[in-house]
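Single-structure report; data block below.
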Amino acid sequence: MRRSLKQAYLLLSPSLLWLTLFLVVPVIFIAVISFTTNGDFGAIIYEFSTEAYQAAFSSLYAKVIWQSLWWSFIATVICLFIAYPFAYFIANAGKWKNLLLLLVMVPFWTNLLVRLYAWIILMNNNGVINNFLMKIGFIDEPLALMYSPGGVIIGLVYGFLPFMILPIYSSIEQLDKTYLEASEDLGAGPIKTFLHVTLPLTFPGILAGFIITFVPSISVFVVTDLFTGGKLLMVGNVIRDAFLVEMNWQLGAALSLLLMILVLLSLLIFMRFTNRKDRKLLV
Amino acid sequence: MKKFFVFALLSMMIVFLAACGNDDKDADNAGGEKELSDELIVFNWSEYIPQEVIEGFEEEYGVDVVYSTYNSNHEMLTKVQSGTVAYDLVFPSDYYVKQMVENDLLQEINFDNIPNYENIANAWRNMPFDPDNKFSVPFMYGYDGIAYNKEFIKEAPTSWEDLWNPDYAGKVLLLEESKEVSNMVQQLLGNDMNNPTEEQLEEGFEKVKELIPNVLAFDSTASDRLVSGETWIAHAYSGAAATAWLENPNIDFVLPEEGGIVWLDAMVIPKTAKNKYTAEVFINYLLRPEVSKQLSEFIPYGNPNEKAVEILDENIKNSPGINFPEEVIKRAEWNLPLDADRTQLMNRLFQESKVE
Amino acid sequence: MRDRTKKILFSFSLLVFLFFYIPILFVIIFSFNDSKLGTVWTGFTLEWYTSIFENSQLIGATINSLYIAIIATLISTVLGTLAALALHRYTFIGKKAVEFLFYIPVVIPDIVVAVALLAIYGILNMSLGLNTAIPGHVAITISYVMLVVLARLSSFDNALEEAASDLGANGWQTFWKVTFPLIFPGVLAGGLLAFTISLDEFVISFFTLGPGDNTLPVLVYSMVRLGVSPEVNVLSTFIIVIMVIAVLIIGLRMRKGGEAK
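So the protein lines, in turn, are chains P, E and U. Quick note on numbering: the first sequence equals residues 1 to 283 in the numbering used here. Quick note on numbering: the second sequence equals residues 1001 to 1356 in the numbering used here. Quick note on numbering: the third sequence equals residues 2001 to 2261 in the numbering used here.
In structure tokens form, the structure reads like this:
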């Protein structure tokens, strides 16, 4: 096969074109907005101003961004520990594997809000779990299952688990069984085989899963809205509010761009620490 | 072969842009011809008009109502302002009407086409946001006040201060928006809620910080938490209290002695509307007493249509938040926006009170 | 795998399935709830099952959602897969910048894409319709497909493709006969992800859809102003039941096909 640069550009150009038109242009537009002046009643005055960035670099937003990163990180790690064995099971389910994979996705084709409300029925202070625990005399006062960082993390895990399962599944599914057998033949125990063969071979899937779970979960706002009644904030809430409630597009734009730069930079650094072989996967 | 993809993609985009781009938005709608159009594009708050009412209009007039909804004034404003949709009728709240007039987004309504306007009570005409009654027709009104559950709170609350009662720890709801919370606390402190100084804003949110340990959630839809008993007392809209009351008769609503806030959603016709006459006919239809009655039954907000109120079932007429004595109503204030600087300060203080 | 490991894995996976489906069970239970308010059980009724068929908005919105999700998924799966192939195979100038570009949709909050697209449509003097939501949906889902397929490709054995072309297959044949079957699970996973994201996308849809072209999330968001109404639960129940049946039929077919091979 001829592997010329021309072919590379041909393969890439459709998506680049699409992303340029419908993503890069909007992002540039937003970047311009972030340097304009915020007028009364949300008017956008086209005069240069760095006011939005001054506001964005405050301890308040630093704290909000930090706690968003932290909660998302914990949720992502939990997702990883749930998703890996689960994906392993599905990938090894032989003829059932496609069916099981689809059954994982079905609950996620109903609306996220509807599913989160179902959790509210279960977890609120008068909810099913609290009522049950109180009835059996296990607790006297309802537990704050929602309305707490723990609640946010449960919500994030539930919302993003499939994002971790899918890429891990697709790399486990491809695992060459002969490697595992070779390892066992050479006398390695199952744990050793897992750590030295399976895990490294499926690492690209873990990495992809980690990124597409962790990164988008940072800017989610429905979970904090519904589970904590707006009492806890993630950066997604702040950005949404800036655009839709406070009518301060400049601040929303500045925060989004800062978040974008922060996350892309940390991805870059994160990639430096992962091993060389897998780096070709990422930046 | 790969070229094919690029080509296909490019042509798709061109077709797409062409298909969407050629719409003639400058249709002349000034001509006062009284002819109904085929469709009417309505943009309204969600859960505000029951489907039967819309279907009733469609059947009677043979007009197809294209109906979509929003959840906040700003969502509505953003979309109307973008000029990407030629809405015929939208429902902004009080000062948004004024703002839309000032931004030149609205056209004058021809009241000759709306004879049923006479059903509107005098108290709801010539509102401060549209003093000459040119651009808007009142739809529903309500209050920000205190909703509470009599099962848990024996004595009716009288002041915003009651939200701070330590007995209610973890049982208090507050409204979601920073200005709403600010209005509440500024009234409590005796300041002008629509013109507080920066110091007063800071003082106000210091007070809110003290309230946070009592607060269960910030929620504009207090009804389900009130009904379930998860919340005992809420800084809430009268409509939310009335909806809760329909399911749980222990729910009541009061306006605090500091005044509370009154608001009104109005019907307006944007400049970009193509079917102005049909919109006016629709407004007239909504103002019929028997139609307006259906609206009140769907969600018991305050109805400015006095002819409709007369024929309401006793049951709905007595729902909380509707029958306040005149002196109580007069105390309630209209909300106005702050300027950009103070709005930013207020939002920051509000978020800080949550994060700390 | 040893038997004990298998058993543990099986029970663990069963628990995960429970975690997925228990909330769904409550959605189904609350579709029979008498109360209009979302989270309070007041009594049993079948009322909502009859009223839903009169609610033409819900049905229209379901169709719109599926239409947008399917088109967006098809486009982003094709484009994302092609991009992944290019990034896997070739080294070229500006590759890092391109990879960087693909991370933007994953990072950027939807609201930014939504309001910016709306503003741009406004500047271009376009009017909104059903199709104006598609560009945004595709733009945010391409990267997910690309990343998942690329992960699959990264342990792909290039020797297989080379062998095929040595045996005289042209590029097109090699792709369909060798490459595609090998990366298919990755493409499927990426496509499923894109479909799921698009089906649930609210913010972009709200701002870029025309009047009356609601999708389900847009409608559901508007219906939850008073808590999730039982009608929404009824609809979700229908979606779940129909999807599970469809999946079982497709799944069993695929299984039979698999056996035939």
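Beta carbons: idealized from backbone N, C-alpha and C, even for Gly.
Asked                                                                                                                : Found
Residue 1273 of chain E vs residue 1087 of chain E beta-carbon contact at 8 Å                                        : yes
Sequence-distant residues of its chain with Cβ nearer than 8 Å to residue 121 of chain P (five each side left out)   : 127 and 128
Terminal residues of the alpha helix (DSSP H) in which residue 1057 of chain E lies                                  : 1051-1061
Paired residues, beta bridge with residue 1147 of chain E - DSSP                                                     : E:1234 and E:1253
8 Å Cβ cutoff, residue 1325 of chain E in contact with chain P                                                       : no
8 Å Cβ cutoff, residue 1083 of chain E in contact with chain U                                                       : yes
Integer Cβ distance of residue 2115 of chain U from residue 243 of chain P, believed to fall under 8 Å               : 6 Å
Own chain, CB closer than 6 Å to residue 52 of chain P, minus 5 neighbours either side, in chain order               : 34, 250, 251 and 254
Distance, residue 2234 of chain U Cα to residue 2041 of chain U Cα                                                   : 15 Å
Distance, residue 1215 of chain E Cα to residue 1164 of chain E Cα                                                   : 9 Å
Residue 1026 of chain E versus residue 2212 of chain U - alpha carbon distance                                       : The pLDDT assigned to residue 1026 of chain E is 41, lower than 50, so where the model puts this residue is not dependable; a value taken from the coordinates is nonetheless given after this. So the two alpha carbons sit approximately 21 Å from each other.
Which listed residue (E:1245, E:1063 and E:1339) has its alpha carbon closest to that of residue 1365 of chain E     : Outside the displayed span of chain E (1001 to 1356) sits residue 1365 of chain E, for which this structure offers no information.
8 Å Cβ cutoff, residue 246 of chain P in contact with chain E                                                        : yes
Selected residue, minimal CA-CA separation from residue 2136 of chain U, among U:2188, U:2199 and U:2176             : U:2199
Interface flag, residue 1303 of chain E vs chain U, CB-CB below 8 Å                                                  : no
Alpha-carbon spacing of residue 175 of chain P relative to residue 2103 of chain U, whole angstroms                  : 26 Å
Per-residue DSSP class, three states only, for residue 37 of chain P                                                 : strand
Integer Cβ distance of residue 1302 of chain E from residue 1140 of chain E, believed to fall under 8 Å              : 6 Å
Simplified DSSP assignment, three categories, for residue 217 of chain P                                             : helix
Chain P contacts made by the stretch 1333-1353 of chain E, where a contact means CB separation under 7 Å             : 1337, 1339, 1340, 1343, 1344, 1347, 1348, 1351 and 1352
Counted within 10 angstroms of its Cβ, other Cβ atoms place residue 199 of chain P as buried (16 or more) or exposed : exposed
Chain E contact residues for residue 135 of chain P, given Cβ-Cβ distances below 7 Å                                 : Within 7 Å Cβ-Cβ: nothing; residue 135 of chain P doesn't reach chain E, min ~16 Å.
Local Cβ density within 10 Å of residue 2330 of chain U, reported as buried at 16 or more and exposed below that     : The question about residue 2330 of chain U has no answer, for chain U in this structure spans 2001 to 2261.
Under 7 Å by beta carbon: chain E residues contacting residue 2035 of chain U                                        : 1247
Enclosing beta strand (DSSP E) for residue 1039 of chain E [first to last residue]                                   : 1039-1045
Beta carbon proximity, residue 140 of chain P to chain E, threshold 8 Å                                              : no
Alpha helix (DSSP H) runs contained entirely in the stretch 35-82 of chain P, provided each spans 4 or more residues : 51-56
Straight-line Cα distance separating residue 189 of chain P from residue 54 of chain P                               : 57 Å
Continuous alpha helix (DSSP H) stretch holding residue 2072 of chain U: start and end                               : 2056-2089
Per DSSP, cross-strand counterpart(s) of residue 162 of chain P                                                      : In DSSP, residue 162 of chain P forms no bridge with anything.
Contact set for residue 1279 of chain E: own chain, Cβ-Cβ below 7 Å, skip 5 residues either direction                : 1040, 1088, 1089, 1269 and 1273
Cutoff 8 Å: residue 105 of chain P Cβ touching any chain U Cβ                                                        : yes
Pairwise C-alpha distance: residue 64 of chain P and residue 257 of chain P                                          : 15 Å
Separation of residue 2028 of chain U from residue 2019 of chain U, as counted between CA atoms                      : 15 Å
C-beta atoms of residue 1176 of chain E and residue 230 of chain P nearer than 8 Å                                   : yes
Exposure of residue 1121 of chain E, with buried meaning 16 or more beta-carbon neighbours within 10 Å               : exposed
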